[in-house]
Amino acid sequence: MKKREAAFNLKRFLMANIVPIIFILLSVFAIPISQFSASYLIQEMLIRLARNSFLVLSLLIPIIAGMGLNFGMVLGAMAGQIGLILISDWKVIGLPGMALAAIISTPLAIALGWMCGAILNRAKGREMVTSYILGFFVNGLYQLVVLYFFGYLIPIRSPELVLSRGYGIRNAVNLLGIRNCLDYCIPLTIHGIRIPLGTFIVTAIFSFFIIWFRRTKLGQDMRAVGQDMEVARSAGIPVERTRLISILISTVLAAYGQIIFLQNIGTLNTYNSHEQAGMFAIAALLVGGASVAKATLPNVFVGVILFHLMFVVSPMAGKYLIGQAQLGEYFRVFVSYGVVALALVIYEWRRARERAYARRMFRGEA
Amino acid sequence: MKKRLLMQIGLVLLIIIVSVFLYRIGKGFQIIVENKNNALDGITFEVQGPVRVIFDDKDKLELKENSADLALLIGYGEHKIKVEVLDAEGNAIKSIEKTFKLSGKEGDLLSIPALLSGSERYIFKRE
Amino acid sequence: MDRIKKFIADIGWPRAIIALFLFALFVLAPFVNVRIDSSISDTLVRFGMNGVLVLAMVPMVQSGCGLNFGLPLGIIAGLLGATISLELNAVGFLGFFTAIAISIPFAVVFGFGYGQLLNRVKGGEMMIATYVGFSSVAFMCIMWLLLPFRNPTMVWGYAGKGLRTTISVQEYWGGVLNNFLSLRVGEFFFVPTGTILFFALMCLLLWMFFRTKTGTAMSAVGVNPEFARAAGIHIDKMRTLSVILSTLLGAIGIIVYEQSFGFIQLYMGPFYMAFPSVAAILLGGASINRANLTHVIIGTLLFQGILTMTPSVINSMLQTDMSEVIRIIVSNGMILYALTRGIKVKSR
Numbered sequence: 001m002k003k004r005e006a007a008f009n010l011k012r013f014l015m016a017n018i019v020p021i022i023f024i025l026l027s028v029f030a031i032p033i034s035q036f037s038a039s040y041l042i043q044e045m046l047i048r049l050a051r052n053s054f055l056v057l058s059l060l061i062p063i064i065a066g067m068g069l070n071f072g073m074v075l076g077a078m079a080g081q082i083g084l085i086l087i088s089d090w091k092v093i094g095l096p097g098m099a100l101a102a103i104i105s106t107p108l109a110i111a112l113g114w115m116c117g118a119i120l121n122r123a124k125g126r127e128m129v130t131s132y133i134l135g136f137f138v139n140g141l142y143q144l145v146v147l148y149f150f151g152y153l154i155p156i157r158s159p160e161l162v163l164s165r166g167y168g169i170r171n172a173v174n175l176l177g178i179r180n181c182l183d184y185c186i187p188l189t190i191h192g193i194r195i196p197l198g199t200f201i202v203t204a205i206f207s208f209f210i211i212w213f214r215r216t217k218l219g220q221d222m223r224a225v226g227q228d229m230e231v232a233r234s235a236g237i238p239v240e241r242t243r244l245i246s247i248l249i250s251t252v253l254a255a256y257g258q259i260i261f262l263q264n265i266g267t268l269n270t271y272n273s274h275e276q277a278g279m280f281a282i283a284a285l286l287v288g289g290a291s292v293a294k295a296t297l298p299n300v301f302v303g304v305i306l307f308h309l310m311f312v313v314s315p316m317a318g319k320y321l322i323g324q325a326q327l328g329e330y331f332r333v334f335v336s337y338g339v340v341a342l343a344l345v346i347y348e349w350r351r352a353r354e355r356a357y358a359r360r361m362f363r364g365e366a
Numbered sequence: 367m368k369k370r371l372l373m374q375i376g377l378v379l380l381i382i383i384v385s386v387f388l389y390r391i392g393k394g395f396q397i398i399v400e401n402k403n404n405a406l407d408g409i410t411f412e413v414q415g416p417v418r419v420i421f422d423d424k425d426k427l428e429l430k431e432n433s434a435d436l437a438l439l440i441g442y443g444e445h446k447i448k449v450e451v452l453d454a455e456g457n458a459i460k461s462i463e464k465t466f467k468l469s470g471k472e473g474d475l476l477s478i479p480a481l482l483s484g485s486e487r488y489i490f491k492r493e
Numbered sequence: 494m495d496r497i498k499k500f501i502a503d504i505g506w507p508r509a510i511i512a513l514f515l516f517a518l519f520v521l522a523p524f525v526n527v528r529i530d531s532s533i534s535d536t537l538v539r540f541g542m543n544g545v546l547v548l549a550m551v552p553m554v555q556s557g558c559g560l561n562f563g564l565p566l567g568i569i570a571g572l573l574g575a576t577i578s579l580e581l582n583a584v585g586f587l588g589f590f591t592a593i594a595i596s597i598p599f600a601v602v603f604g605f606g607y608g609q610l611l612n613r614v615k616g617g618e619m620m621i622a623t624y625v626g627f628s629s630v631a632f633m634c635i636m637w638l639l640l641p642f643r644n645p646t647m648v649w650g651y652a653g654k655g656l657r658t659t660i661s662v663q664e665y666w667g668g669v670l671n672n673f674l675s676l677r678v679g680e681f682f683f684v685p686t687g688t689i690l691f692f693a694l695m696c697l698l699l700w701m702f703f704r705t706k707t708g709t710a711m712s713a714v715g716v717n718p719e720f721a722r723a724a725g726i727h728i729d730k731m732r733t734l735s736v737i738l739s740t741l742l743g744a745i746g747i748i749v750y751e752q753s754f755g756f757i758q759l760y761m762g763p764f765y766m767a768f769p770s771v772a773a774i775l776l777g778g779a780s781i782n783r784a785n786l787t788h789v790i791i792g793t794l795l796f797q798g799i800l801t802m803t804p805s806v807i808n809s810m811l812q813t814d815m816s817e818v819i820r821i822i823v824s825n826g827m828i829l830y831a832l833t834r835g836i837k838v839k840s841r
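Okay, structure coming up:
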């Protein structure tokens, strides 16, 4: 028995980390073809790391609690965006503006996260699909509010935010007032590369928060619920409440993450910015080697770098390799979805095998 | 139980106070800075030349004679303004510093000639 | 009163509300200058257009594989059939059936692979189906650019390589079913008899299939896999068969859709196409592991009715275009409701 386990080690390592390995190979192959310079790539990666890490961090807690990939993080993103729309309307600038947006979006994110958690509790075993559809559903509600109620039922003072018909927010909201305000609030430039120190510090603080959280009673409860709901329940842990709280925290963090993301980009695409937020964050996490059942901090950062590296490099690589940049774009989309599909398949396959194994053990075989 | 409720109310109040504070220090206002002849109560303040205007030691504006521009000021409180009248080469020949408060609405008008003449009223608030 | 309550509880509140909503829209229509005859006509056309795609959900639900979010895979098979039939310059009815015929082998192959995959991931089929669907659409995007099509109506003008995003089928087999034996009363009322007959034919075939030994075996697997296995049924084989059937119906469905719509939509077109079909069948009363033909017919009728009536009536009433948003809320709300309803009889 022991010998088999030792021989398994390399195979196990490859299996567990197959996705990041594939990505590293792809990048090694594609970077020289794309003809990007190292300093450009480093600067891009630093920016993207700062921009996206927080959003990916928000996915960790539901995974610990056994809820799988929280596709419902778009709910948090939408809450954050509503906060940003309001502070843009009130013309609050700079860090105070960003902080105010975060404060405004928090109660909204809590409400949405609560709803999401409650719905997911009624769909045990199917959390991922449900949160995925819930994302679309709330997107519909968001559009209803932002496209019809804002400017009509909800007063908007700045006419430049409103569509020409008199109500509804425009497709693009200018966020120049808070652009890069967190990133470069502490200026630091090394070798001509600007470092978004402010955002890194905030992200680091939240990383430590997550590490600390894992050690609290609530964190341990979530771990227990994630491993086995029934065992946790018999141990006296309020399973439903714990699951709900995990989604709630995730949604609020997603709201902040989206605000950080948008302050870096500088423009809010009112009806599009949040849609990709969930997709890319989840893909990045999976690329970093996380699975549906297990995700660690290194997964977050490695994942963001690898995923965005591929993202930046593929269109150009596609152009030089086959002659069409469009191909690189589609390749990038394919890889984003493919990697999630791959991770899901590996996870479910293992789960099915474990169940079959447990069944055989139960029957007294093997 | 009661203590917890009190703490929660206290927390909410704290957040509201912080929010109001953030709003007041962060809100941006656009003002029109004008370097044109300005007639007020029968007295006409004349343009004294091209000027360089510095707000709060941060934002610089250069205005030729008879021109105007927009400036963005942040925060509800007092703002500092330093006006330097320039000669042909761009050196400052005269410099005045003042502090002022805004009306809290968009589109106040700040008249440079009025300020330079030492008039008390150089900010014209939007009605 | 109690009987009404029980009736509504059986149907489910969301469905009852949506049916009432649709009825209200029809009642409102004449008051806001929307013609009832053209509305009914539009609904019928859309019903025929989407019917087979919704039918594609049934095999997989019955066999316990869940809702087929991976319908894009079948759609891609259909797209390949359609584009190749155009490349061969096939027109009219012959063209239509050529498209179907060509898509069949693709659908079987895709369905087989897809089914094998799903068999290894029992329990997580729906999520994986979604992403397999997405990945294949994205993959085909690359293929549409590279495959050697030559027909000038299909490829980009100057380069001569790579298919266009939208390709018209008007000159080929557009409308062949719609116009077959069609009824036209006045300017506004049009019944696409051919399409509806074809849909009825597909329903009949599926109904007959489920009465065969294989069909009943398939349903048994969905109800209770353990009992089915004890009865000697090969579960995995049945599941794979259901996936192949579903993919096949998806392929046929998209070709029916295209002949009615008039265009072939490539690249990201099929991306979200599973969702309306899923919503429709759930609206018709299906659950995650039970679906029959009544669900398909009622669901498609209700869903397409809402999609047709809401824009016209609400736009006339409020002078605004809320249709897209309402469609999103209704269709996803339906799916959510079904997902949170809980499973009926299923042993793990």
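Protein chains in written order, with the working numbering: chain A, 1 to 366; chain B, 367 to 493; chain C, 494 to 841.
For each residue, glycine too, the CB sits at the ideal point set by N, CA and C.
Those residues of the stretch 117-150 of chain A placed with their C-beta closer than 8 Å to a C-beta in chain C are I119, R122, A123, G125, R126, M128, V129, T130, Y132, I133, L134, F136, F137, N139, G140, L141, Q143, L144, L147 and Y148, ordered along the chain. Taken in chain order, the members of the stretch 161-180 of chain A whose beta-carbon sits within less than 7 Å of a beta-carbon on chain B are G177. Between the alpha carbons of L518/C and E240/A lies a distance of about 40 Å.
By DSSP's assignment, E444/B forms a beta bridge with K467/B. Counting of Cβ neighbours within 10 angstroms places Q752/C among the buried residues, the total reaching 16 or more.
In the DSSP annotation of this structure, N180/A is not part of any beta strand (DSSP E), being labelled neither H nor E. Linking M78/A to Q143/A through their CA atoms gives a straight-line distance of about 10 Å. Considering only beta carbons, the part of the stretch 387-418 of chain B lying closer than 7 Å to chain A consists of L388, Y389, I391, G392, K393 and G394, in chain order. The beta carbons of S39/A and L306/A sit no closer together than 8 Å.
Per the C-alpha coordinates, the member of G236/A, R360/A, A325/A and L120/A positioned closest to G68/A is L120/A. Between I774/C and A767/C, the C-beta spacing is not below 8 Å. Residue-level contact check: G236/A does not touch chain B, since none of the beta carbons of chain B fall below 8 Å from its beta carbon. For chain A, the residues of the stretch 439-466 of chain B that bring a beta carbon within less than 9 Å of one of its beta carbons are I440 and G441, in chain order. Residue range G394 to N401 is occupied by the beta strand (DSSP E) that includes F395/B.
Chain A has no Cβ within less than 8 Å of the Cβ of S433/B. Scanning chain C for C-beta atoms nearer than 7 Å to the C-beta of Q276/A yields nothing, as the closest lies near 13 Å away. Within chain B, the residues L388 have their CB atoms less than 7 Å from the CB of A99/A, given in chain order.
Under the 8 Å Cβ criterion, the stretch 106-120 of chain A does not count as touching the stretch 185-198 of chain A, having fewer than three qualifying pairs. If only complete runs of 3 or more residues are kept, the stretch 251-331 of chain A shows the beta strand (DSSP E) at 267-269, in order along the chain. The alpha-carbon of S578/C is positioned some 51 Å away from that of G226/A. With respect to the 8 Å criterion, S739/C and M542/C are not classified as neighbours on the basis of their beta carbons. One thing to note: G563/C has its Cβ within 8 Å of the Cβ of Y607/C. Nearest to K424/B by alpha-carbon distance, out of I447/B, L380/B, I375/B and F490/B, is I447/B. For the stretch 314-338 of chain A, residues whose beta-carbon sits nearer than 7 Å to a beta-carbon of chain C comprise Q324, Q326, L327, Y330, F331, V333, F334, Y337 and G338. Take the alpha-carbon of T203/A and the one of L46/A: they are about 13 Å apart. Listed along chain A, the residues sitting closer than 9 Å to S385/B by beta-carbon distance are A99, L100, I103 and I104. Across the stretch 349-364 of chain A, CB contacts with chain C closer than 8 Å involve W349, R351, A352 and R355, in sequence order along the chain. DSSP places E450/B within a strand segment (E or B) once states are collapsed to three. Minimum Cα-Cα distance from I210/A among the listed residues S58/A, N174/A and K11/A corresponds to S58/A. Leaving aside the five residues that flank C185/A on each side, the residues in its chain whose CB is nearer than 7 Å to its CB run, in chain order, L95 and G198. Cβ contact annotation for P763/C (same chain, cutoff 6 Å, sequence separation greater than five): P565, I568 and V630, in chain order. Neighbours of P20/A across chain B, judged by C-beta separation under 8 Å, do not exist; the nearest C-beta is about 41 Å away. Residue-level contact by beta carbon holds for V818/C and chain A, with a gap shorter than 8 Å.
For R122/A, no beta strand (DSSP E) segment is defined, and its DSSP state is neither H nor E.
N171/A counts as exposed, since fewer than 16 other beta carbons sit within 10 angstroms of its beta carbon. Residues of the stretch 62-94 of chain A whose Cβ lies closer than 7 Å to any Cβ of chain B, in chain order: W90, K91, V92, I93 and G94.
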